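S.K.: So for the sequence shown, the numbering used here puts the first residue at 4; every next one is plus one.
No residue lacks a Cβ here, since even glycine has one placed at the ideal position from N, Cα and C.
Note that the structure is predicted; figures quoted are calculated from it, not measured.
Got a structure for you, questions after.
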Amino acid sequence: MEINAKQRKFLEKNAQGLNALVQVGGAGVTENQIAQISRLLEEHELIKVKFNEFKDEKRELSNEIAQKTDSTKVRLIGNVLILYRPAKEANDRKFEKDLNKLEK
């Protein structure tokens, strides 16, 4: 999903109060972490991932995570990645209405 600048700002604002639910450590990005991130995105739609290790490779790793989880990379701020993916069930989508308003 492509998002415009207004949508990106909206998602960043909503992510401010969130804690990182996943941390990338010495083992790198494992398939288990990808599965966990995917589950968390389905539940929360908007999550943070913190890079404790691999800080030099965080840009490449963040793109890889977004691709493998079929999510949108909202922003990489410092060592924290913000990801967004709408829930599969329309009734569970928390941000869709507001994002659609900002689409224009």
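For Ala-23, which residues in the same chain have their Cβ closer than 7 Å to its Cβ, ignoring the five residues on either side in sequence?
M.R.: Numbered from 1 along the sequence shown, position 20 holds the residue referred to as residue 23. The beta carbon of Ala-23 is closer than 7 Å to those of Lys-51, Val-52, Lys-53 and Val-83 in its chain, skipping five residues each way along the sequence.
S.K.: Check Gln-19 in the structure and name its three-state DSSP category.
M.R.: Along the sequence shown, one-based indexing puts residue 19 at 16. If DSSP states are grouped into helix, strand and coil, Gln-19 belongs with coil.
S.K.: Could you say which of Gly-20, Arg-11 and Ile-68 lies nearest to Gly-31 if we only look at CA atoms?
M.R.: Here residue 31 refers to the residue found at position 28 of the sequence shown. Considering only alpha carbons, the answer is Ile-68.
S.K.: Do Leu-14 and Val-77 have their C-beta atoms within less than 9 Å of each other?
M.R.: Along the sequence shown, one-based indexing puts residue 14 at 11. Along the sequence shown, one-based indexing puts residue 77 at 74. Yes.
S.K.: Go ahead and pull the three-state DSSP assignment for Lys-9.
M.R.: As a position in the sequence shown, residue 9 is number 6, starting the count at 1. Three-state result, Lys-9: helix.
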